[in-house]
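As they're listed, the protein sequences go chains E and R. Each position in the first sequence, counted from 1, maps to that position plus 55 in my numbering. Each position in the second sequence, counted from 1, maps to that position plus 1 in my numbering. Cβ coordinates follow ideal geometry from the N, Cα and C atoms, glycine included. A quick write-up on the structure given underneath.
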Amino acid sequence: MRDKNLFEEEHITSNICGGFPKMRLLAKIEENCVACHSCEEACSNLYFKEENPLKAALRIIEANNDSDPHQIITCTQCGACIDVCPAQAITRAKNGVVRINKKMCVGCFICVSVCPENALFFHDDLQEPFKCVACGVCVKNCPTEALYIKKIPDEA
Amino acid sequence: MENESIKKLKEARTLLKEWNYELRPIEKGYCNRTLYINISNNVIESKDVTPEMKEKFIGGKGFGLYLLWKAVKNTTKWHDPENEIVIGTGPICGITQYPGAGKSLLVSISPLTDIVIDSNVGGYFGPFLKFAGWDALEIQGKAKNDIIIFIDGTSGSIKIEEAPLEAIDSHVLAEQLTEMYADDEYDKRNISVVSSGKAAEFVRMGMLNFSFYDPRRKVVRVKQAGRGGIGRVFRDKKIKAIVIKNKATKGNLNNPVNKALINKAGLRLHREIQQYDDKQNRMRQVGTANIIEIMDEYDLLPTHNFKFGGHPDAKKIYSNVFRDNYLTQGLPDGCWYGCSMACSKAADKFELKTGPYAGQKVTVDGPEYENAAGLGANLGCFDPQFILEANFYCDTYGIDIISFATSTAFAMECYENGILNSEITGGIELKFGNSAAVLEILHQMARGEGFGVVIGQGILRMKKLFIEKYGADPNFVNDIGMEQKGLEYSEYQSKESLAQQGGYGFTNKGPQHDEAWLIFMDQVNNQIPSFEDKAEALHYFPMFRTWFGLVGLCKLPWNDITPPSNKNYPPTEAAKVPEHVENYCWIYEGVTGEKLTPEKLILQSERVYNFQRIFNIRLGKGLREHDAVPYRAVGPVTEEEYKSREERYDKQMKELIGIDPTGKSIAEKVAIVRKYRLEQYEKLMDAVYERRGWNKNGVPTIEHLQKIGMDLPELIEIIKPLQ
Chain E
56 MRDKNLFEEE HITSNICGGF PKMRLLAKIE ENCVACHSCE EACSNLYFKE
106 ENPLKAALRI IEANNDSDPH QIITCTQCGA CIDVCPAQAI TRAKNGVVRI
156 NKKMCVGCFI CVSVCPENAL FFHDDLQEPF KCVACGVCVK NCPTEALYIK
206 KIPDEA
Chain R
2 MENESIKKLK EARTLLKEWN YELRPIEKGY CNRTLYINIS NNVIESKDVT
52 PEMKEKFIGG KGFGLYLLWK AVKNTTKWHD PENEIVIGTG PICGITQYPG
102 AGKSLLVSIS PLTDIVIDSN VGGYFGPFLK FAGWDALEIQ GKAKNDIIIF
152 IDGTSGSIKI EEAPLEAIDS HVLAEQLTEM YADDEYDKRN ISVVSSGKAA
202 EFVRMGMLNF SFYDPRRKVV RVKQAGRGGI GRVFRDKKIK AIVIKNKATK
252 GNLNNPVNKA LINKAGLRLH REIQQYDDKQ NRMRQVGTAN IIEIMDEYDL
302 LPTHNFKFGG HPDAKKIYSN VFRDNYLTQG LPDGCWYGCS MACSKAADKF
352 ELKTGPYAGQ KVTVDGPEYE NAAGLGANLG CFDPQFILEA NFYCDTYGID
402 IISFATSTAF AMECYENGIL NSEITGGIEL KFGNSAAVLE ILHQMARGEG
452 FGVVIGQGIL RMKKLFIEKY GADPNFVNDI GMEQKGLEYS EYQSKESLAQ
502 QGGYGFTNKG PQHDEAWLIF MDQVNNQIPS FEDKAEALHY FPMFRTWFGL
552 VGLCKLPWND ITPPSNKNYP PTEAAKVPEH VENYCWIYEG VTGEKLTPEK
602 LILQSERVYN FQRIFNIRLG KGLREHDAVP YRAVGPVTEE EYKSREERYD
652 KQMKELIGID PTGKSIAEKV AIVRKYRLEQ YEKLMDAVYE RRGWNKNGVP
702 TIEHLQKIGM DLPELIEIIK PLQ
């Protein structure tokens, strides 16, 4: 079951990170990643009820050689997508997480094209793009602690 | 709670007709039916779209021409009740993944040209018409009193109501109706209004506004179906507005066959724009105004009724002046969802200084390049404040800015040459640079009085009047009156580019640059030197560009951004932007399921293009004699013009014509250049006609129609006696 609170939080229409007392985002330690893809499976399973890495809101790009770490594509919640949305369907929630309102989205994918991290995803089966909401399901399923939820200011 | 003033407007309405229809999904980009509304007798019908219509006419302008052909007689004039306004959409219209996919295509018999005019426009109406279930909307007849037509795509109902109290001017009316029909603030984005303005009741250059709601600015914005006077037809039919309402827009309402192909093309172009637009044309920053300075620099900015190609004061209206002082930016400004090129600029809270709305703070849509070039350079009014004010009033009054500027420039030159005087103009000093006079002319048009109404009839009719009534020299006014087929020239200098003289001259609707813009290929880069090269370009580009209007696309994202792959092609191929042509083939196949090649794309256009040419012949134009252009578009009419480019013209005389200019008077040199250039134009016409499959008189041959699969009996009947 989807965590209802994740989708019904009050949205704040601003892309300015400053002024948010607390921010939450998915962070990564690429050196720890073993490219088992458990994170992608967990994510697509939670949001799309299928194990399909192409429907995950993060992506593991396997390294070509043993010396390089695997690459983990994640959303930094920078908000570059917010201003370009012609339908104003992308907003920043109180916890700093940038969300797409599927009802308002018209599926133009301009947001996908401007994402500096390439972390806004689309799939030809789906009308709307999708992105990481820092829910942490991937963190729970990562066996090597390559992913973690970072809270700003750091509460650790 | 409903606003009191809106309530009053509604209470004064009288319902003339209500008609319900079944809502059904779009299939592969087509609704497979068109909507017919007769406002003389309030008959509303659904017409089936036949397989032949789709095969031969594709959609958009093609459907419009097909329906209009059946509706009118050979003798129909613009104000006859059987004349129609047809708004077409096209199979690709309404997709949200590819930039520029929200165009409506209008056709009607024009009050300026007496032949078919076609005009394309952004705004949300076209996509909404399709989502409401219709590939095209045909309006025939004339209402007795002012009416509003409401198409409700949420419930499948159409209403025709008498509407006596609503405003006429677009900036007020579109706001009133958006407010009236939207369920709430959020729902405003699901409304689009077609309207005109007060001046369209009096001037032939009347224009239509197509609205969309801008949720960030919280204002109704308008895009213009400018050319050819369709707004005049609209108000003559006593239509105040057509309003459409829909449910929420989604990315798959066209029910495309292969969404993956559309996504692939869309993202490729989105990324290209994101990466290169700031370095290339800055469409997102300043829109089409980015070329004001380029035209000035290359001697192409029409100045003082196309006499000159630039002006020292032009820098006062360069694009950055608007960007830095007037435009509100930093937000996406597309006129349909998914347009990352986003060129619809606006100046907010612009305080008007003249006219009935003086003191109001309004949103001005623009300035487009044409507005700044026409109002600014061609009228010699290099004042950004004036340009925005005139831009606003042209829009809200329903006046085509291009025809307005070019016509007023003509009248100014006539005034400066003593053909007109202040007695004739009612005291208006109609001199280049007199911006107050221009604004007064504009307001007169909306009041239906004074010399403004004379200018509002357009150059063709002004020439006749000035010759007959004011004793003007026919040769002079015919040389300097920048119209052809009755339509005023758009704002580019074709004088130094033979190919562009043809690009304007051999058009179906009259001299508008949407068929061909070859100035850089020809004049600046010399990529098409021979007659054969020019003829090939004047075949390919008009056909290629016609296609946008068949499917519901905007031209701008085709070559106002170019991909890195373009450098792999020789210049004449690069001008076609092969990667983008591939995108178009992908999205067409993605929506309709039918494979498209670049060759088939040209064939689709060629069919409709030739149909429109024969439509012109049917209505009494469309032959070689009608493709002649005013000499101002070809070379220097006056000694003053010759002198302004004396060095260039002398050099050409020596090198191209083989005559030594030494010792010749300016008048002699003007005559030599004229003879040579007009011969060149005729030779170009021969070459282009041959390439297009037309005979020497500009008539499509029967063999050519057979070759392109357009040998329809009704077309053969028209052209057979002219073979």
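Chain order gives the chain E residues near Q275(R) as S168, V169, where near means a beta carbon separation below 8 Å. For F387(R), the enclosing alpha helix (DSSP H) has its first and last residue at 385-398. If you draw a straight line from the Cα of E139(R) to the Cα of D396(R), it comes to about 24 Å. DSSP places L106(R) in the strand class (E or B) of the three-state scheme. The beta-carbon of G162(E) is placed less than 9 Å from the nearest beta-carbon of chain R. Look at F307(R) here: in three-state DSSP terms it is coil, with no helix or strand label.
A distance of 9 Å or more separates the beta carbons of K496(R) and V365(R).
Only those residues of the region 112-144 of chain E whose C-beta falls short of 7 Å from the nearest C-beta of chain R are listed: D138, V139, P141, A142, Q143.
For Y471(R), the three-state secondary structure derived from DSSP is helix. The secondary-structure analysis by DSSP pairs M78(E) across a beta bridge with I207(E).
Identification of residues in the region 87-106 of chain E having a C-beta nearer than 7 Å to some C-beta of chain R yields an empty set. For E715(R), the enclosing alpha helix (DSSP H) covers residues 714-720. Beta-bridge partners of R154(E) (DSSP): T146(E). From the beta-carbon of F177(E), the residues of chain R found nearer than 9 Å are N264, L268.
E172(E) has a beta carbon lying at 9 Å or more from every beta carbon in chain R. Beta-bridge analysis with DSSP links P701(R) to W695(R). Taking a cut-off of 8 Å for Cβ pairs, the region 481-488 of chain R and the region 110-121 of chain R touch, as three or more such pairs fall below it. Under the Cβ distance rule, T51(R) does not count among the residues neighbouring chain E, no pair being separated by less than 9 Å. The C-beta distance from G503(R) to K535(R) rounds to 7 Å, short enough to fall under 8 Å. The region 82-135 of chain R is shown to contain whole alpha helix (DSSP H) runs of 4 or more residues at 126-132, in chain order.
Chain E places a beta carbon closer than 9 Å to that of C340(R), counting this residue as a contact.
Distance from the CA atom of R114(E) to the CA atom of S122(E), rounded to whole angstroms, is 20 Å. Restricting attention to N33(R), L17(R), V173(R), M342(R), the CA atom closest to the CA of T97(R) is found in M342(R).
For I155(E), none of the residues of chain R pass the 7 Å Cβ criterion, the least Cβ distance being about 13 Å. Between P141(E) and Y338(R), the C-beta spacing is below 9 Å. At the C-beta level, G157(R) and G142(R) stay beyond 9 Å of one another. Using a 10 angstroms sphere on the CB of L166(R), the tally of other CB atoms stays under 16, which defines it as exposed.
For T129(E), there is no enclosing beta strand (DSSP E), as DSSP marks it with neither H nor E. For Q613(R), the secondary structure class from DSSP, reduced to helix, strand or coil, is helix. Annotation for F151(R): the continuous beta strand (DSSP E) segment containing it runs 148-153.
DSSP places A175(R) within a helical segment (H, G or I) once states are collapsed to three.
Sequence-distant Cβ neighbours of C340(R) in its own chain, meaning closer than 6 Å and more than five residues away, are P100, G101. Chain R places a beta carbon closer than 9 Å to that of K158(E), counting this residue as a contact. Legend: CB atoms of the region 239-258 of chain R lying less than 8 Å from CB atoms of chain E belong to residues A249, T250, K251, G252, N253. The three-state reading of DSSP puts A629(R) in coil, since its state is none of H, G, I, E or B.
Taking a Cβ-Cβ cut-off of 7 Å, G207(R) has no neighbours in chain E, whose nearest Cβ is about 30 Å from it.
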